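Chemist: For reference, the structure I am asking about is given below.
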Amino acid sequence: MVASLPHFGAGGNFVEYPSRSFLPTVPNRLWLIESGYVRSYIYTEEGSLIVMGIWGPGEVVGAALYSIHPVYLETITPVQARSTAWVTYANKQHLYAAYLKQAEALLVIRSQKRVELMVTKLLQWLGQRFGQSLEQGQVLELRLTHQDIAEILGVTRVTITRTFGLLEQQGFMQRLSTQRIILREADVWHYQI
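Residue 49 in numbering that gives the first Met the number 0 sits at position 50 of the sequence shown, and the numbers go up by one each step.
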């Protein structure tokens, strides 16, 4: 089956995928992300989308790490990734631990009662994982749409747009013209995920 997938990075070469495309999900194969960001998600029986994780440079993603199938691996940005065999990983517990840690973080974030708190916790978590520290705060380079954030949190896009406006007014964040976000330290972030 691997031979029939033309974009499967044979021989350890990195393959480029455009934004909003899908990495092939083949049993016993994983993807090492060189650059860009990928989200993994599933659909419930009712058709609801559940984001299972967001993965970036240096991380490994693949259907082999999930017990729920089918799982979808969608590029959020342009991605360079290399396919590798599951059997080549000597420390599989490390990969499972990374997935468990991310699932726990998303579970805690989604369990907040107030949407404002969900959004600030999500942005803080993304800033810790993928952000850069500046004097003004954390700069989040990962460009997620309001719809992306809504799908991560299980709320509507309109709610996210409204919440972003509120958080910006309160000084918790600043949106830059380059679609980047600066996160400012705030009292509401009283514990780490």
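Heads up, the beta-carbon is just placed ideally off N, CA and C, and yes, glycines get one too.
Since we're looking at a predicted model, the values are computed, not measured.
1) Measure the C-alpha to C-alpha separation of residue 95 and residue 65 and round it to an integer number of angstroms.
2) Nearest to residue 62 by alpha carbon, out of 159, 88, 97, 22?
3) Determine contact between the segment 158–170 and the segment 48–55, defined as no fewer than three beta-carbon pairs at a distance below 8 Å.
4) Do you know how far the Cα of residue 38 is from the Cα of residue 79?
5) Residue 76 to residue 36, Cα distance in whole Å?
6) Looking only at DSSP bridge pairs, what is residue 81 linked to?
7) Going by DSSP in three states, residue 13 sits in which element: helix, strand or coil?
8) Terminal residues of the continuous beta strand (DSSP E) containing residue 137?
9) To the nearest angstrom, how far is the alpha carbon of residue 102 from that of residue 69?
10) Which stretch, first to last residue, makes up the beta strand (DSSP E) that contains residue 133?
11) What is the DSSP secondary structure of residue 160, counted as helix, strand or coil?
12) Measuring from the CB of residue 72, is there a heavy atom of the ligand GDP at a distance below 8 Å?
13) Could you give the residue range of the beta strand (DSSP E) that holds residue 174?
14) If you pair each beta-carbon of the segment 81–98 with each one of the segment 27–35, do three or more pairs fall below 8 Å?
Modeler: So, from the listed chains and residues:
1) 9 Å
2) 22
3) no
4) 14 Å
5) 6 Å
6) 31
7) coil
8) 136–139
9) 17 Å
10) 130–133
11) helix
12) In the structure on display, the ligand GDP does not appear, and there are no ligands present to speak of.
13) 172–174
14) yes
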